[in-house]
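Per numbering that gives the first Met the number 0, the sequence shown starts with residue 0, numbered consecutively. Only one structure is covered here, and it is reproduced in the block below.
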Amino acid sequence: MNLSKLYTQVLARGRGAALGAALVASVALSAPQPAQALTIVLNFVNATTTDRFGVTSGPESFASWGFTGGGIDYIRNAVLASVRADYLNYPNASQDPLSPLPAGKELNINFTFSNGVTGPGNGDPDFFYMNIGDASPNVGFLGQACLGCVRGPSGTSSVPAGTIFGSTLTDTISGLLSLAGNDTQRLNLLAGTSAHEIGHALGLEHPPGQAPNPGQSLWSIMATGASPSLMPNAERVKDRAFSYGEFQTLINNIGLRDVAPIPEPSTYLLLALGLVALAWRTQAARRQP
Ligand SMILES: [Zn+2]
Numbered sequence: 000m001n002l003s004k005l006y007t008q009v010l011a012r013g014r015g016a017a018l019g020a021a022l023v024a025s026v027a028l029s030a031p032q033p034a035q036a037l038t039i040v041l042n043f044v045n046a047t048t049t050d051r052f053g054v055t056s057g058p059e060s061f062a063s064w065g066f067t068g069g070g071i072d073y074i075r076n077a078v079l080a081s082v083r084a085d086y087l088n089y090p091n092a093s094q095d096p097l098s099p100l101p102a103g104k105e106l107n108i109n110f111t112f113s114n115g116v117t118g119p120g121n122g123d124p125d126f127f128y129m130n131i132g133d134a135s136p137n138v139g140f141l142g143q144a145c146l147g148c149v150r151g152p153s154g155t156s157s158v159p160a161g162t163i164f165g166s167t168l169t170d171t172i173s174g175l176l177s178l179a180g181n182d183t184q185r186l187n188l189l190a191g192t193s194a195h196e197i198g199h200a201l202g203l204e205h206p207p208g209q210a211p212n213p214g215q216s217l218w219s220i221m222a223t224g225a226s227p228s229l230m231p232n233a234e235r236v237k238d239r240a241f242s243y244g245e246f247q248t249l250i251n252n253i254g255l256r257d258v259a260p261i262p263e264p265s266t267y268l269l270l271a272l273g274l275v276a277l278a279w280r281t282q283a284a285r286r287q288p
């Protein structure tokens with residue numbers, strides 16, 4: 000339904016100005032944020048693709064992973080939603096007193112996914128790729144990324160836009176699938192690795208063991224199975240979070256923006272139904288003798 004057309008119709012009838020003004024205000028509030036943020040593109044590689052450290056991976060179908068909720072589109076969208084939530088749904092200080100994130104603020108970063116090096120799709124010129132693919136033959140690690148090359152302590156990038164700064168390697172991650180009993184846990188194995196590698200590119204290192212955090216595990220997203228973190232692999236199926244200290248570093252390196260109020264789709268539907276009812280009543284009133 001075209002809301003602006005409805006709005007015009009209502010105003011043309013000379014009625015419903017207050018409701019129309021409310022609708023305009025709502026649409027203005029929900030306008031997309033300017034395309035000016037850093038964007039990380041989760042590149043589900045569509046062909047053999049090599050990252051800046053020379054690790055090559057090819058397309059992964061996830062056919063053997065045991066996901067029951069849907070096919071590859073479901074998996075890609077779920078990974079994107081999970082990684083985005085790790086960075087953009089972090090509890091703020093009014094929700095969690097230990098959080099370094101002020102209420103009303105979020106990291107100035109966006110996430111999209113692609114199927115090939117096709118750009119971010121959202122107009123942001125400042126974008127970087129994280130490859131997600133099957134290394135075959137196996138290279139022996141879950142993923143890799145540069146340290147601070149996308150955002151370092153100075154808040155700047157040391158590599159050009161469009162750089163493939165790392166890889167999430169599905170053939171190694173699939174070796175942990177026996178630890179996962181459902182789609183959520185399978186997703187945590189995969190998206191947790193991507194969020195971890197992206198964290199490296201944003202300046203985060205491995206923590207020395209457990210670290211206070213708001214997630215499901217005593218270990219943070221940046222923990223690793225090797226020294227110094229010594230995280231058991233069973234923790235990887237949990238929905239881990241950045242530690243409060245790690246998130247402070249992300250704030251320092253990326254910066255913050257205001258959280259944009261985004262009405263739910265149901266809000267649009269209610270507004271539209273209200274306008275339709277108003278237009279109908281106006282029409283009916285004119286038919287009165
Ligand atoms: Zn790491």
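By construction, the Cβ of each residue, glycine as well, lies at the ideal position given by its N, Cα and C atoms.
Query - Range covered by the beta strand (DSSP E) that runs through D50 - result: Bounds of any beta strand (DSSP E) do not take in D50, whose DSSP letter is neither H nor E.
Query - T223 beta carbon near ligand 1 (any heavy atom closer than 7 Å) - result: yes
Query raised in the report: Which residue from Q247, A233, S226, L100 puts its Cα closest to that of R185?
Result: A233
Query - Per-residue burial, L97 [other beta carbons within 10 Å of its own, 16 or more giving buried] - result: exposed
Query raised in the report: Is D123 buried or exposed, if buried means 16 or more other CB atoms sit within 10 Å of its CB?
Result: Here D123 is buried. Its C-beta has 16 or more other C-beta atoms within 10 Å.
Query raised in the report: Is it right to say T67 is buried, meaning 16 or more other beta carbons lie within 10 angstroms of its own, or is it exposed?
Result: exposed
Query - According to DSSP, residues forming a beta bridge with E105 - result: Beta-bridge partners of E105 (DSSP): R256.
Query - Span separating the alpha-carbon of G254 from that of G154 - result: 8 Å
Query - Residues bridged to S166 (per DSSP) - result: N130, Q143
Query raised in the report: Residue range of the beta strand (DSSP E) that V40 falls in?
Result: 37 to 43
Query raised in the report: So, A179 versus G214, is the Cβ gap smaller than 8 Å?
Result: no
Requested in this report: For E111, name the three-state secondary structure that DSSP assigns.
Outcome: The displayed chain sequence assigns Thr, not Glu, to residue 111. T111: strand per DSSP, three-state reduction.
**Report entry** Sequence-distant residues of its chain with Cβ nearer than 6 Å to V40 (five each side left out)
**Finding:** T111, S113, P119, F126, Y128
Report task. Tell me whether the beta-carbon of G115 lies closer than 8 Å to the beta-carbon of V44. Result -> yes
Report task. Decide if S56 is buried, meaning its Cβ has at least 16 other Cβ atoms within 10 Å, or exposed. Result -> buried
Query raised in the report: Which residue or residues does DSSP assign as beta-bridge partners of G69?
Result: None, per the DSSP bridge assignment.
Query raised in the report: From R235 to A222, what distance separates their C-alpha atoms?
Result: 10 Å
**Report entry** Separation of G69 from H199, as counted between CA atoms
**Finding:** 30 Å
Query raised in the report: Does any C-beta atom of chain D lie closer than 8 Å to the C-beta of N130?
Result: This model lacks chain D altogether, as it is built from one protein chain only.
Requested in this report: Using beta-carbon positions only, say whether N121 and N42 come within less than 8 Å of one another.
Outcome: no
Query - Of the listed residues G65, L79, T49, nearest to L176 (C-alpha basis) - result: G65
Query raised in the report: Between which two residues does the alpha helix (DSSP H) harbouring T192 extend?
Result: Element bounds for T192: 182 to 200.
Query - Close beta carbons around P211, own chain, < 7 Å, minus the five adjacent residues each side - result: L97, S242, Y243
Requested in this report: Enumerate in chain order the residues of its own chain whose CB-to-CB distance from N187 is below 8 Å, with the five nearest sequence positions on each side excluded.
Outcome: S81, A179, R235, V236, K237, D238, R239
Query raised in the report: Any idea which residues DSSP pairs G57 with across the strands?
Result: For G57, which the question treats as bridged, DSSP gives the partners D133.
Requested in this report: Could you say which of A259, Y86, D50, D72 lies nearest to A144 if we only look at CA atoms?
Outcome: D50
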